[in-house]
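Below you'll find the structure, written out as C-alpha cells, and then a few comments.
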Amino acid sequence: MFEALMAKRLPPLNPLRAFEATARHASLTKAAAELNVTHGAISHQIKALEQSLGVKLFERAGQRVKLTPHGAELLPAVSTAFDGIAAATQRMTRPASTGALSVSCVPALLLLWMIPRLGSFTSQYPDIRLTLIPSNDAKDIRAPHIDICVHYGDGSWTDCWMRKWSGLELFPVVSPTLINNRPIRTVRDLADHVFLHGDDGREWHTWLAAADALDLERGRRHHLGDARMASEAAVHGHGVALGDTVTASGLLARGLLVAPFSLSVPAVDDFYVVCRNEMRSAPIVQLFIDWLFAEKEQADGRADAPVAGRIGIRRKRPALRVVGTKTAS
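Numbering follows full-length UniProt numbering, in which position 321 of the sequence shown is assigned residue number 321; successive positions increment by one, without gaps.
Structure representation (C-alpha cells):
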C-alpha cells in the first residue's frame, strides 16, 4: 500500500517549475532569470527531476537546450497544470468588476478609436481603473504589469490566448483645406502632394499597385513612425496619408479628413486581442474583451455607414472615381 502511494506521488513543485520555464525559453539562463534564481539552481532542479523520473528531459544544443522525447511528452501536462493554477489564482484575486486593468494598445487605435469610446466602458464599469499604454510591442504580451493587449500583427504570437478583433482596409485621406487648395481629381494628382507614411512605405506601395500607379513619380515624403502620427499630419494639411476603416472613421465623420478615391486595399495584418493564457479567464479581463467586441459590433452597425459608403470598400477597380470633397468650416 505504502509503495503504491509513493509510486503515484507527484514530483516536487520547484523542479517542475524549473523544467517548464527552461522548456519554454530553451535556455537555462533565461529560466533562471524568470524564476529569480541562479543558473546552477535551475540545473540542479532539472537533474533532480530527471533522477526522480528516471529519464533524460533535455539535450544541449550549443548555448541552448532542447527537449528529449520524454521531455516533449511531459511538457504539455505541466504547462496545462501551471496555466490552470494561474487562472484559478487570477479568478480568486481579481474581482469581476472592480480594480485595476492595464491595456497595451496600438497608438492609432487607442487615440482614434478606443479613447473616444472610453465613456461607454466607464459608465458600465465605474469601479475599474484603466491604465492605457500606447504600444504595439510584442514584449507587452509577456509583461507582468500588462493584463491585455490590442495589437496589430499577423497573429503569429505563441504561447498566449488571442482572437482576431478586426481586419481593415487602407485608402488615401487628406484634409479638406488641402484638397480644396490643391485638388486631387485623378490618381496622377497625388504627385503634387507630400506622401505621409505610417510605416516603411509598403502600405502606400500596396495601394498604388492596386491603383495601377506604381510608376507615379513620388518626390516629397515624410515617414512619421506610425499611423496615428501620419493621420495627425494629414489633419494638419501636411500631405496625403493612408487611413483605414477602423481608426480613420471618426476623422472622416467629423470632416477633419476626406477620402478622395473609392479604392481601398486590405491591410497586410489585422487587429488582435492578445493576453497571457493565465489572464484569459480573469473576470475583469473577460469584461474588457467582451466590451471591445461589443463596441466593435455596434460601430460596424451604426451610422459610421455613410463614411464606409463614401470611401467605397472595394478591392480593385479598372479606374478610380474621385469622391466629392467637403469644404472646411
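Note that the Cβ used here is the ideal one computed from N, Cα and C, for glycine as well.
Next on the checklist: Counting beta carbon pairs with one atom in the stretch 139-153 and one in the stretch 207-219, are three or more of them shorter than 8 Å?
Outcome noted: no
Next on the checklist: For Met229, list the residues DSSP reports as bridge partners.
Outcome noted: DSSP links Met229 through a beta bridge to no other residue.
Checklist entry - Going along the chain, which unbroken runs of the alpha helix (DSSP H) with 4 or more residues stay wholly within the stretch 198-226? => result 202-210
Checklist entry - Among the residues of its own chain, which have a CB less than 7 Å from the CB of Val235, if the five just before and after it don't count? => result Ser175, Leu251, Leu256, Leu257
Next on the checklist: Is it the case that the stretch 104-114 contacts the stretch 62-78, given that we only count it when at least three CB pairs across the two stretches are under 8 Å?
Outcome noted: no
Checklist entry - Which whole-angstrom value describes the C-beta separation of Phe288 and Val103, a residue pair presumed to lie in contact below a C-beta threshold of 8 Å? => result Contact between Phe288 and Val103 is confirmed by a C-beta separation of about 7 Å, below the 8 Å threshold.
Item to check | First through last residue of the alpha helix (DSSP H) which encompasses Ala248 | outcome: Under the DSSP assignment, Ala248 falls outside any alpha helix (DSSP H); it carries neither an H nor an E label.
Item to check | Cβ pair Ala259, Gly239 closer than 8 Å | outcome: In this structure, the beta-carbon distance from Ala259 to Gly239 does not fall below 8 Å.
Next on the checklist: Helix, strand or coil, according to DSSP, for Thr29 in the structure here?
Outcome noted: helix
Item to check | 8 Å Cβ cutoff met for Arg60 and Ala26 | outcome: Cβ atoms of Arg60 and Ala26: not closer than 8 Å.
Item to check | At least 3 beta-carbon pairs within less than 8 Å: the stretch 40-52 vs the stretch 8-23 | outcome: Judged by Cβ distances under 8 Å, the stretch 40-52 makes contact with the stretch 8-23, as three or more pairs qualify.
Next on the checklist: For Ala61, report the span of its beta strand (DSSP E) as first-last.
Outcome noted: 58-61
Next on the checklist: Judging by CA-CA distance, which residue of Gly40, Ser264, Ile42 is the nearest neighbour of Leu208?
Outcome noted: Ser264
Item to check | Validate contact between the stretch 167-185 and the stretch 266-285 using beta carbons, cut 8 Å, 3 pairs | outcome: yes
Item to check | Expected contact under 8 Å - CB spacing of His222 and Val194 to nearest Å | outcome: 6 Å
Checklist entry - By the 10 Å Cβ neighbour count, where 16 or more other Cβ atoms means buried, how is Thr245 classified, buried or exposed? => result buried
Item to check | Beta carbon of Ser231 nearer than 8 Å to that of Leu112 | outcome: Contact flag set, yes.
Item to check | Cα-Cα separation between Arg117 and Thr98, rounded to whole angstroms | outcome: Going from the Cα of Arg117 to the Cα of Thr98 covers about 19 Å.
Item to check | Buried versus exposed call for Glu20 [16 or more other C-beta atoms within 10 Å across all chains shown] | outcome: buried
Checklist entry - Helix, strand or coil: how does DSSP classify Leu44 here? => result In the sequence as presented, Leu is not what sits at residue 44; that position holds His. Helix at His44.
Item to check | Range covered by the beta strand (DSSP E) that runs through Ser104 | outcome: 99-105
Item to check | Secondary structure of Ser52, DSSP reduced to three states | outcome: helix
Item to check | Strand pairing of His151, partner residues [DSSP] | outcome: Partner(s): Tyr272.
Next on the checklist: Quick check: the Cα distance between Leu35 and Lys296, rounded to an integer number of angstroms?
Outcome noted: Cα-Cα distance, rounded: 39 Å.
Next on the checklist: Does Ala282 come out as helix, strand or coil in the three-state DSSP assignment?
Outcome noted: coil
Checklist entry - Straight-line CA distance for Ala138 to Leu28? => result 22 Å
Checklist entry - Between Ala233 and Ala241, is the Cβ-Cβ spacing less than 8 Å? => result yes
Item to check | Straight-line Cα distance separating Ser262 from Ser123 | outcome: 37 Å
Next on the checklist: Is the separation between the beta-carbon of Met279 and that of Val285 shorter than 8 Å?
Outcome noted: Yes.
Item to check | Where Pro69 sits in the DSSP three-state scheme | outcome: helix
Checklist entry - Which value, in whole angstroms, describes the spacing of the CA atoms of Arg129 and Trp291? => result The alpha-carbon atoms of Arg129 and Trp291 are separated by roughly 15 Å.
Checklist entry - With C-beta atoms as the reference, is Ala32 less than 8 Å away from Ala41? => result yes
Next on the checklist: Is the beta carbon of Asn277 closer than 8 Å to that of Trp161?
Outcome noted: yes
Next on the checklist: Let me confirm a value: Ile197 is counted as buried when at least 16 other C-beta atoms fall within 10 Å, else exposed. Which label applies?
Outcome noted: One detail in the question is off: residue 197 reads as His in this sequence, not Ile. Result: buried.
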